[in-house]
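Some notes on the structure that comes next.
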Amino acid sequence: MSAGAYVRGGARQGAHRSSGEFSEHTHTEAGVTLTVNEYADKTPSEIDEVLAKLFNDRARLYAYLERPAEALRNHEAEMKYRAENDGNARMARHKLNEWNLRSTTEEVARYRKEIADLDAKIAPIDAEFDARGGWSRFFLVQNLGGHVHSSMSCSTCFPTTRFGWLTEQSGMNEEEIVELAGDLACSSCFPSAPVVDRRNPRPNQLETPEGRADREKREAEKDARAKAKAEREAKQAAAAINTPDGEPIYDSYRRPFKNERTAESEAIGKLENAIYWDGVAGDHEYARVVGEVLAGLAHKRGIDQAELRTTWIEKTIKKTKSQPNRTAAEFRMGKIFDAADAYLAKKGELKYALDSAAGAETYEAAKIAWEEHIGARKHPSSRY
Ligand SMILES: [Zn+2]
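If you're matching positions, the sequence shown starts at 1 in this note's numbering and goes up one per residue.
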C-alpha cells in the first residue's frame, strides 16, 4: 500500500485504531456465549494483507471524497455568511445551485457510507490484533534506498514519507527482519542492526507484495520486449542477403539489399528484361546485380551457382511465358550470366589490387575502382 498521513497515525498502534470489540459472530448455546473472530485462525501476515487492502481502498475513497466535501463546506460557509450579512455574497462562486447541491450532498454521503463500511471491516481486524497483544509490523519507505522501519511513526521519517507495508513479514522478530533488510534496516527502529559497511554491503531482500507485483510486471514486459527484438533480428538475419564474404550487396541505388527476396526478384527482373532487350547484355548493372545475388544466394542456400541459375531460368521463362521462344530466351539470359561471370572475375581482380595496393594514391584509386565495380559508389556507366 502507498500510505499517506492516515496510516501513519495508525502505525503507532499497529493499525489505525482499536475498537475494543471483537465479536464478529456470537453463538449462544445452552447459556454459553462464545465470541468468534473470523481472523482467529489467520497468521499476522494473512491478516495484515487483508488490512493493507482495506487501508488502500479507504485512502482512495478519502481522495475521492476530498473535492465534493470541500465544495459542500464552501457552500455552507457562504450560505452562513449571507444569512449573517443581509444576503450579501462573499464568494459568489461557492454557492451551489440546487441541482449541484443535491448531487454533491449525495456524493459525499455515498463516500462516507463506503468509508464506514470499510471501517466496519477493519474493526474485527483491530480487535484480533489487540486480543493477541499485537504483533510486529514492518514498513518499507517507497523511494530508492528507502529504509525498513518497525512503524510509520519512526522519528527518522517525515510526515510526507510514503510507506509500503511489508505484510509478508508481519510477526517476525527483530533478528529475522534485520537479516532480510540488510543495509536498509533502520538503526533507530532496530538497535541490533549492524553498522553499514560500504565495502561489504548487505543486500535488502524485502519488498512489498505490490512492489513485487510491479517489479514482476516490469520484468515480464522487459523480457517480452527483448524476446520480440531477438525474434525480429533473427527474422531479419534469416531474410538478409550478403556476398559469400559477408559484405553487403548493393542495389542499383547504392543501398545494400536488406533481404533475399527483394534481391532475388531484382536479379530475375534483370533476366526478364534481357529476354526482351538484347542491348542490356553489356550493361554493368545487369552483370553486377545478377552476379552478386547469384553468388550470395547460392552460398546462403548451400547450392551450386549452376543449380540456382537453372532455377532462375525456369522462373523467368514461366514469368515471361516464353516457352515458344525458349531457345532465344535462354540464349539472351545466357549472355547475362556470362557477363555476371565476367563481373565476378573482375571483382576478384579488383579485390586483389585493393588488398595489395602500395602507397596511398594507388590504394585510393584501387578503392574507387572497387567501390564503383561493386555498386557502393556510382559507376561511370550507371544511369541511376
Ligand atoms: Zn525507523
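Note that beta-carbon positions come from the ideal geometry of N, C-alpha and C, so glycine has one too.
State yes or no: is the C-beta of residue i nearer than 8 Å to some heavy atom of ligand 2?
| i | result |
| --- | --- |
| residue 156 | Ligands displayed in this structure: ligand 1; ligand 2 is not among them. |
Taking DSSP as the reference, what is the three-state secondary structure of residue i?
| i | result |
| --- | --- |
| residue 41 | coil |
| residue 282 | helix |
| residue 371 | helix |
| residue 164 | strand |
| residue 51 | helix |
| residue 271 | helix |
| residue 200 | coil |
| residue 24 | At residue 24, the pLDDT of 45 sits below 50, so the modelled position is not reliable and the matter cannot be decided from this model. |
| residue 195 | coil |
| residue 129 | helix |
| residue 250 | strand |
| residue 240 | coil |
| residue 147 | coil |
| residue 213 | helix |
| residue 380 | coil |
| residue 256 | strand |
| residue 140 | strand |
| residue 71 | helix |
| residue 89 | coil |
| residue 185 | strand |
| residue 471 | Outside the modelled stretch of the chain, which goes from 1 to 384, sits residue 471, for which no answer is possible. |
| residue 220 | helix |
| residue 171 | coil |
| residue 245 | coil |
| residue 331 | helix |
| residue 294 | helix |
| residue 312 | helix |
| residue 356 | coil |
| residue 100 | helix |
| residue 179 | helix |
| residue 262 | helix |
| residue 206 | coil |
| residue 2 | Legend: pLDDT at residue 2 = 42, less than 50; position of this residue unreliable, no value from coordinates given. |
| residue 158 | coil |
| residue 337 | helix |
| residue 79 | helix |
| residue 348 | helix |
| residue 235 | helix |
| residue 113 | helix |
| residue 321 | coil |
| residue 229 | helix |
Pick from the options: whose alpha carbon is nearest that of residue i?
| i | options | result |
| --- | --- | --- |
| residue 37 | 128, 195, 344, 295 | 128 |
| residue 328 | 274, 287, 288 | 274 |
| residue 346 | 362, 332, 366 | 366 |
| residue 154 | 142, 317, 188 | 188 |
| residue 317 | 130, 103, 268 | 268 |
| residue 92 | 77, 336, 381 | 77 |
| residue 277 | 235, 200, 336 | 336 |
| residue 252 | 228, 284, 235, 63 | 284 |
| residue 106 | 130, 68, 84 | 68 |
| residue 192 | 199, 176, 200 | 176 |
| residue 243 | 217, 199, 227, 300 | 300 |
| residue 287 | 245, 333, 255, 307 | 333 |
| residue 372 | 255, 224, 156, 315 | 255 |
| residue 382 | 314, 326, 282, 307 | 282 |
| residue 422 | 272, 152, 212 | Here the chain comprises residues numbered 1 to 384, so residue 422 is not present and cannot be evaluated. |
| residue 201 | 355, 190, 185 | 185 |
Given a cut-off of 9 Å on the beta-carbon distance, is the pair residue i and residue j in contact?
| i | j | result |
| --- | --- | --- |
| residue 304 | residue 295 | no |
| residue 150 | residue 137 | yes |
| residue 54 | residue 122 | yes |
| residue 270 | residue 290 | yes |
| residue 280 | residue 249 | no |
| residue 386 | residue 158 | For residue 386 there is no data in the structure shown, the boundaries of the chain being 1 and 384. |
| residue 350 | residue 369 | yes |
| residue 64 | residue 50 | no |
| residue 167 | residue 52 | yes |
| residue 88 | residue 82 | yes |
| residue 398 | residue 119 | Limits of the chain in this structure are 1 at one end and 384 at the other, which puts residue 398 out of reach. |
| residue 374 | residue 264 | no |
Fill in: the region 175-187 / the region 205-225 touching (three or more Cβ pairs under 8 Å)
Remark: three or more beta-carbon pairs, one from each stretch, lie closer than 8 Å, so the region 175-187 and the region 205-225 are flagged as touching.
Practice prompt. Indicate whether the contact test is met: 3 or more Cβ pairs, each with one atom in the region 138-146 and one in the region 88-100, closer than 8 Å.
Written response: No: fewer than three Cβ pairs fall under 8 Å.
Fill in: the region 231-243 / the region 252-266 touching (three or more Cβ pairs under 8 Å)
The region 231-243 is in contact with the region 252-266.
Fill in: Meets three-Cβ-pair contact criterion under 8 Å: the region 170-177 and the region 41-49
Short answer: they touch.
Discussion item. Can you confirm whether the region 353-364 touches the region 333-341 when touching is taken to mean that 3 or more C-beta pairs between the two stretches lie within less than 8 Å?
Written reply: By the Cβ rule, the region 333-341 does not count as touching the region 353-364, because fewer than three pairs are nearer than 8 Å.
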